Structure formats: structure tokens, C-alpha cells
Amino acid sequence: MEIGIILAVDFFILLFILANIPLYLQLCYRRNASDDYILVTVYAVYRLLHYSMKIPALQLEKEGQVWPTAEVVKGQESVDSDPGREQIFVKRFIERYVLHPSRLRHVLEEIRKHFIVYRRVMNALIGKLTCVHLTWRTRYGLEDAALVGILYGVIWSGKSLLLKRLGQRVAFSSRPVVALTPIQGSSLWEIDFDCIFTLKLGNLITAIGMMVYIMAKEERHSGRTSDTRLNEDGYGKYQGNG
Numbered sequence: 008m009e010i011g012i013i014l015a016v017d018f019f020i021l022l023f024i025l026a027n028i029p030l031y032l033q034l035c036y037r038r039n040a041s042d043d044y045i046l047v048t049v050y051a052v053y054r055l056l057h058y059s060m061k062i063p064a065l066q067l068e069k070e071g072q073v074w075p076t077a078e079v080v081k082g083q084e085s086v087d088s089d090p091g092r093e094q095i096f097v098k099r100f101i102e103r104y105v106l107h108p109s110r111l112r113h114v115l116e117e118i119r120k121h122f123i124v125y126r127r128v129m130n131a132l133i134g135k136l137t138c139v140h141l142t143w144r145t146r147y148g149l150e151d152a153a154l155v156g157i158l159y160g161v162i163w164s165g166k167s168l169l170l171k172r173l174g175q176r177v178a179f180s181s182r183p184v185v186a187l188t189p190i191q192g193s194s195l196w197e198i199d200f201d202c203i204f205t206l207k208l209g210n211l212i213t214a215i216g217m218m219v220y221i222m223a224k225e226e227r228h229s230g231r232t233s234d235t236r237l238n239e240d241g242y243g244k245y246q247g248n249g
């Protein structure tokens, strides 16, 4: 009896610790004269668990095809670079949907049907996110000084609107660093964007559980609907034969 109580207490302590482990999602976008890429990184437990995928905006191979490159980091020691999985995913997506638009339309229709149901789960999950770091620096330039001034107002208004919308959905633990530098007399467009979100593992597990519950509930509902239609059809046939 005492051993059972001890094991139960240990289990709940372990569950509590796991639920409070923070997960980090880092989104980086770099654009300058020599490079242009997006970097998505997910990590936890002081980066002992680490997955990173770098997506060049334009990565041409010998065959002239465009592929993302992925880096999977295990612990702090080994780094494996293997774009194979992403290549297979892109190829299959093109073969199944891009070359068959009717399939893509069907998938989009299914997404639209389920969007309202799953939106509540996604909103709840997004509401648990905390932005711990955000820097967004932009440098741009044009030959025409008047256009530089006009573009300054447009870009700054766009940044302010996006940050306001983001602040309505997630909490900020630190003040965002936003900079906009206009340069006259030269054509230039550079972006340095770095953002880190954090989410507790327990919140993610809860959201996944809610998603599974909704999917199972919908499956049961669709099954009942199908059975009802079959019964109605059978009853109608019986009445007609009678």
C-alpha cells in the first residue's frame, strides 16, 4: 500500500515537471545582398532536444530544382544535415495536389469545414504563447528621395499594425526591438527578423488531447449520421415494397 502511494506521488511529481517544461520556437528571417533564408528552430531542455530547418529562399541544385535543407541536432555534439525528408514531402505534395487540382480543392474544402471546430483549440494554444524575444530590423534604399520618405511611412505603419495584432494574441515578456533605416541614393533591401516564442509542454499536450477528442467526437457523429441514412433508406425500400 505504501509503495503504491509513493509510486503515485512520484508519478504526479514527474507529470508536473514534464508539464512545466518550456518549449521554444524560434523563427528567423535574414535577407541581405549575399543571403536570403528562413530558419525555424524548435528546442527544449537547454537545447538538449533540438530541431532546426533552414529554408533558403532560392536554393538551386545542379538539376535546377529548389529544395530546403534541414539540420537535425541531437544534444550538443552531433549535427546531421539531411534534406531528404523535406524533398520527399515536397515531391509527394506536388504529385498528389499540384498536378491534381481537384484533390487540392477537396483538401481545402475539408480544411474549411474543420477550421471553425479546430479554431477554438488553436486560439487557446496561441493564447498560451509568450514572446520572449523579438527583433525586427529593416534597411532599405531607393534612388528617389521622395519615394524613400513615402515608403518609410508605409513600412512603419505595416510593422506597427502587425505588432499590434501579435500583441493582442500573445504576451510579450520583453519589449520588441523594431528598427527601420532608410538610405537615400542606393537600391537596398535588408531584413533581419528574429523571434522566439515559448510554450509549456503541458499546454501543448492539452491542446493535442482536445484535438484528438474533437476528431473522435466528429467521427462518432459522422458514423451515426451514416447509420441513420442507411436505416431511412432501408425503411423507405421496405415501405415501397409493401
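Quick note: the sequence shown uses my numbering, first residue 8, plus one each step.
By construction, the Cβ of each residue, glycine as well, lies at the ideal position given by its N, Cα and C atoms.
From a predicted model like this one, the values you see are computed outputs, not experimental measurements.
At least three beta-carbon pairs within less than 8 Å, the segment 207–223 to the segment 150–170: Because the criterion of three Cβ pairs below 8 Å is not met, the segment 207–223 and the segment 150–170 do not touch.
Buried versus exposed call for residue 57 [16 or more other C-beta atoms within 10 Å across all chains shown]: Here residue 57 refers to the residue found at position 50 when the sequence shown is read from its first residue. Buried, since its Cβ has 16 or more Cβ neighbours within 10 Å.
Chain-order list of residues whose beta-carbon lies under 7 Å from that of residue 72 (same chain, five-residue window excluded): By 1-based counting over the sequence shown, the position of residue 72 is 65. Residue placement at residue 72 is poorly supported in this model, since its pLDDT is 44, which falls under 50; the coordinates are not used for a value here.
Run of the alpha helix (DSSP H) containing residue 26, from where it starts to where it stops: Numbered from 1 along the sequence shown, position 19 holds the residue referred to as residue 26. Boundaries of the alpha helix (DSSP H) around residue 26: 9–26.
Assigned exposure category for residue 205 - 16 Cβ within 10 Å defines buried: Locating residue 205 in the sequence shown gives position 198, where the first residue counts as 1. Counting Cβ neighbours within 10 Å, residue 205 comes out buried, since at least 16 surround it.
Boundaries of the alpha helix (DSSP H) in which residue 160 is found, first to last residue: One-based indexing of the sequence shown puts residue 160 at position 153. Residue range 152–176 is occupied by the alpha helix (DSSP H) that includes residue 160.
Stretch-stretch touch, CB-based, cutoff 8 Å, three pairs: the segment 144–155 with the segment 195–203: These segments touch.
Residue 40 (DSSP reduced to helix, strand or coil): Translated into positions along the sequence shown, residue 40 becomes position 33. In this structure, residue 40 counts as coil in the three-state DSSP scheme.
Nonlocal neighbours in the same chain, by C-beta distance under 8 Å from residue 184, ignoring five residues either side: Locating residue 184 in the sequence shown gives position 177, where the first residue counts as 1. When the five nearest sequence neighbours on each side are left out, the beta carbons in the same chain lying within less than 8 Å of the beta carbon of residue 184 are those of 141, 142, 143, 144, in order along the chain.
Whole runs of the beta strand (DSSP E) within the segment 182–233, excluding any shorter than 3 residues: The segment 182–233 contains these whole beta strand (DSSP E) runs: 184–191, 195–207.
Alpha-carbon spacing of residue 186 relative to residue 159, whole angstroms: Reading the sequence shown from its first residue, position 179 is the one you call residue 186. Reading the sequence shown from its first residue, position 152 is the one you call residue 159. C-alpha separation (whole angstroms): 11 Å.
Residue 61 (DSSP reduced to helix, strand or coil): For the purposes of this step, residue 61 is identified with residue 54 of the sequence shown, where counting begins at 1. DSSP, reduced to helix, strand and coil, places residue 61 within a strand of the structure shown.
Beta-carbon gap between residue 131 and residue 217 smaller than 9 Å: Here residue 131 refers to the residue found at position 124 of the sequence shown. Here residue 217 refers to the residue found at position 210 of the sequence shown. Cβ atoms of residue 131 and residue 217: closer than 9 Å.
Of the listed residues 39, 28, 42, nearest to residue 55 (C-alpha basis): As a first step, residue 55 must be located in the sequence shown, where it is residue number 48. That would be 28, whose Cα lies nearest to the Cα of residue 55.
Residues of its chain near residue 176, where Cβ-Cβ distance is below 6 Å and the 5 sequence neighbours each way are ignored: If you number the sequence shown from 1, residue 176 lands on position 169. Closer than 6 Å at the Cβ level, and outside the excluded window around residue 176, lie 133.
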